[in-house]
Amino acid sequence: MEKKQNSAFGVLQRVGHSFMLPVALLPIAGLLLGIGSSFTNTAMINAYHLQAALGKGTILNAILTIMSDVGNIIFTNLPLIFAIGVAIGMAKAEKATAALSAGIAFLVMHTSISGCLKIAGNDYVKHLPDGSITSVCGINSLQMGVFGGIIVGLGVAALHNKFYKIELPSAISFFGGVRFIPIISTITYLFVGILMFFVWPPIQTGIYWLGNLVYKSGYLGTFIYGIIERALIPFGLHPIFYLPFWQTGLGGTMMVDGKSISGAQNIFFAQLASPNTKVFSVNATRFMTGKFPFMIFGLPGAALAMYVTAKPNKKKQAKGLLLSAAFTSALTGITEPIEFSFLFVAPALYGIHCVLAGLSFMLMHLLNVTVGMTFSGGIIDMFLFG
Numbered sequence: 001m002e003k004k005q006n007s008a009f010g011v012l013q014r015v016g017h018s019f020m021l022p023v024a025l026l027p028i029a030g031l032l033l034g035i036g037s038s039f040t041n042t043a044m045i046n047a048y049h050l051q052a053a054l055g056k057g058t059i060l061n062a063i064l065t066i067m068s069d070v071g072n073i074i075f076t077n078l079p080l081i082f083a084i085g086v087a088i089g090m091a092k093a094e095k096a097t098a099a100l101s102a103g104i105a106f107l108v109m110h111t112s113i114s115g116c117l118k119i120a121g122n123d124y125v126k127h128l129p130d131g132s133i134t135s136v137c138g139i140n141s142l143q144m145g146v147f148g149g150i151i152v153g154l155g156v157a158a159l160h161n162k163f164y165k166i167e168l169p170s171a172i173s174f175f176g177g178v179r180f181i182p183i184i185s186t187i188t189y190l191f192v193g194i195l196m197f198f199v200w201p202p203i204q205t206g207i208y209w210l211g212n213l214v215y216k217s218g219y220l221g222t223f224i225y226g227i228i229e230r231a232l233i234p235f236g237l238h239p240i241f242y243l244p245f246w247q248t249g250l251g252g253t254m255m256v257d258g259k260s261i262s263g264a265q266n267i268f269f270a271q272l273a274s275p276n277t278k279v280f281s282v283n284a285t286r287f288m289t290g291k292f293p294f295m296i297f298g299l300p301g302a303a304l305a306m307y308v309t310a311k312p313n314k315k316k317q318a319k320g321l322l323l324s325a326a327f328t329s330a331l332t333g334i335t336e337p338i339e340f341s342f343l344f345v346a347p348a349l350y351g352i353h354c355v356l357a358g359l360s361f362m363l364m365h366l367l368n369v370t371v372g373m374t375f376s377g378g379i380i381d382m383f384l385f386g
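Oh and the sequence shown: position 312 is 312 in our numbering, straight run, nothing missing.
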């Protein structure tokens, strides 16, 4: 029994370590995206009259736009990066073959989902929640986020480790060994894609239903909002949950300068641009402000705690990852580098983090703190809007 537990723990450790390869890329991507997008935001530029320095057509705007695009392309394709990275980390040998097979399987799975969506037709798609459909590497598919990449990475690695030494009959022996891995991965993930077409939409619908419930529940709703928003990060489904609050009537409707504005973020920026605004609406910012405390202070503190408790022979390695991740979180509000560093190796700790995030949102709501944001709660947005 103890031997089985040790074996299971060893597998979990390998899974956790396999996530570190793609996670190591996130800090630099977060810095590029955070700085680039914050200082090219039209509402921010107009509000602070920075058109001459940062407006379209300026050299700084061009550089910042490129920075934003480079950071964004990494985050946009994070599921594919995780699929390949996890497969490399979990493969026992012939890691290059595992990486190639994972990339192929990822594209096959989403192409399979896309084919199912085409067959189902527009009437089916219209009944899905907003944000359920997205472009994945140019393929119209379901929004599965990093979770989709992990499904591929772990599955392909399992197939790889089982079959990479397979010997086929002499007539088809050319397709044996490592050449068999892309083939079996393609066939397997064709059917996994079909399965996901039926399994994933109910999950998305449940998340959207939770969003409606949250808005109607006052301070408790704000607390629940914070928990759910963080809990959905690993699955890549958090945009489905929070974007309706930020961009649609689910986040409230308000008259600003005689115009009806819907969506929490839209209301905030309309008030920011209005010369008549004296106090910002807390009913709008309740869905944003709670991020600042744990992104600027909480998660960097967690990074420090992880560094302090790291084994002496691992401190140098931990310092490199955690320092850049903490800096990224505090400055730009990009938290995935820190969160993914402990999410898969200590899921219970991530659950505690989600609860603390919920408390942060509720506390900011209770204190009537009204600070909005462009996309995340780092020092940049706090400086601009706080």
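Idealized CB from N, CA, C, for every residue including glycine.
What are the residues that DSSP puts in a beta bridge with residue 136? According to DSSP, residue 136 bridges with 139.
Please state whether the Cβ-Cβ distance between residue 288 and residue 386 is less than 8 Å. Annotated as distal: residue 288 and residue 386, with beta-carbon spacing of 8 Å or more.
Could you give the DSSP three-state label for residue 255: helix, strand or coil? Under the three-state reduction of DSSP output, residue 255 falls in the strand class.
Quick check: residue 17 and residue 85, are their CB atoms within less than 8 Å of each other? No.
Can you tell me whether residue 334 is helix, strand or coil according to DSSP? Residue 334: coil per DSSP, three-state reduction.
Excluding sequence positions up to five away, which residues of its chain have a Cβ less than 8 Å from the Cβ of residue 304? The residues 322 and 326, in chain order, have a CB closer than 8 Å to that of residue 304 in the same chain once the five nearest residues on each side in sequence are set aside.
Give the straight-line distance between the Cα atoms of residue 176 and residue 157, rounded to the nearest whole angstrom. One C-alpha to the other measures close to 17 Å.
Return the CA-CA distance between residue 136 and residue 111, expressed in angstroms with no decimal places. Each residue's CA atom was taken as its position, placing residue 136 and residue 111 some 9 Å apart.
Provide the residue span of the alpha helix (DSSP H) that contains residue 48, from first to last. For residue 48, there is no enclosing alpha helix (DSSP H), as DSSP gives it neither H nor E.
Per DSSP, residue 262 is paired with what? Residue 262 is bridged to 253.
Measuring CB to CB, does residue 185 end up less than 8 Å from residue 159? Yes, they are a contact pair.
Go to residue 164, then tell me how far its alpha helix (DSSP H) extends in each direction, as first and last residue. First-last for residue 164: undefined, no H or E at that position.
Taking its Cβ as the centre, do 16 or more other Cβ atoms sit within 10 Å of residue 297, making it buried, or is it exposed? The residue in question, residue 297, is exposed, as its Cβ has fewer than 16 Cβ neighbours within 10 Å.
Have a look at residue 315 and residue 252 and give me their C-alpha separation to the nearest angstrom. Going by the C-alpha atoms only, they are around 47 Å apart.
Among 192, 221 and 232, whose alpha-carbon lies nearest the alpha-carbon of residue 146? Ranking 192, 221 and 232 by Cα distance to residue 146 puts 232 first.
Between residue 200 and residue 312, what straight-line distance do the alpha-carbon atoms span, to the nearest angstrom? It is roughly 43 Å from the alpha-carbon of residue 200 to the alpha-carbon of residue 312.
For the segment 163-182 against the segment 258-275, are there 3 or more C-beta pairs whose distance is under 8 Å? In the pairwise beta carbon analysis, the segment 163-182 is classified as not touching the segment 258-275: fewer than three pairs are separated by under 8 Å.
Residue 345 - DSSP class collapsed to helix/strand/coil: Note: residue 345 maps to coil in three-state DSSP.
Take residue 300 and list the residues in its own chain whose beta-carbon comes closer than 7 Å to its own, dropping the five residues that flank it on each side. Taken in chain order, the residues that qualify are 326, 329 and 330.
Secondary structure of residue 93, DSSP reduced to three states: Coil at residue 93, not helix or strand.
Run through DSSP, which three-state label would residue 278 get? Coil, per DSSP.
Locate the alpha helix (DSSP H) running through residue 75, then write down its first and last residues. Boundaries of the alpha helix (DSSP H) around residue 75: 59-76.
Taking all protein chains shown into account, do 16 or more other C-beta atoms lie within 10 angstroms of the C-beta of residue 209, making it buried, or fewer, making it exposed? Taking all protein chains in view, the Cβ of residue 209 is surrounded by fewer than 16 other Cβ atoms within 10 Å, so the residue is classified as exposed.
Please classify residue 49 as buried or exposed, where buried requires at least 16 neighbouring CB atoms within 10 angstroms. Exposed.
Within 10 angstroms of the Cβ of residue 41, are there 16 or more other Cβ atoms? Answer buried if so, exposed if not. Result: buried.
If I follow the unbroken alpha helix (DSSP H) through residue 381, where does it start and stop? Per DSSP, the continuous alpha helix (DSSP H) segment holding residue 381 begins and ends at 379-385.
Closest residue to residue 206 among 237, 187, 197 and 190 (Cα-Cα distance): Minimum Cα distance to residue 206 is reached at 237.
Should residue 370 and residue 282 be called a contact, given that it needs their Cβ atoms to be closer than 8 Å? Contact: yes.
Between 94, 286 and 155, which lies nearest to residue 219 when the distance is taken from Cα to Cα? The alpha carbon of residue 219 has as its nearest neighbour, out of 94, 286 and 155, the alpha carbon of 286.
Alpha-carbon spacing of residue 403 relative to residue 277, whole angstroms: Outside the shown range of the chain, which is 1 to 386, sits residue 403, and nothing can be said about it.
For residue 33, is the classification buried or exposed, using 16 other Cβ atoms within 10 angstroms of its Cβ as the cut-off for buried? So residue 33 counts as buried.
Nearest to residue 355 by alpha carbon, out of 380, 227, 15 and 121? Of the candidates 380, 227, 15 and 121, the one whose C-alpha sits nearest the C-alpha of residue 355 is 227.
Suppose contacts are defined by Cβ-Cβ distances below 8 Å. Is residue 129 in contact with residue 204 by that definition? Yes, the Cβ-Cβ distance between residue 129 and residue 204 is below 8 Å.
Going by beta-carbon coordinates alone, are residue 353 and residue 230 separated by less than 8 Å? Contact flag set, yes.
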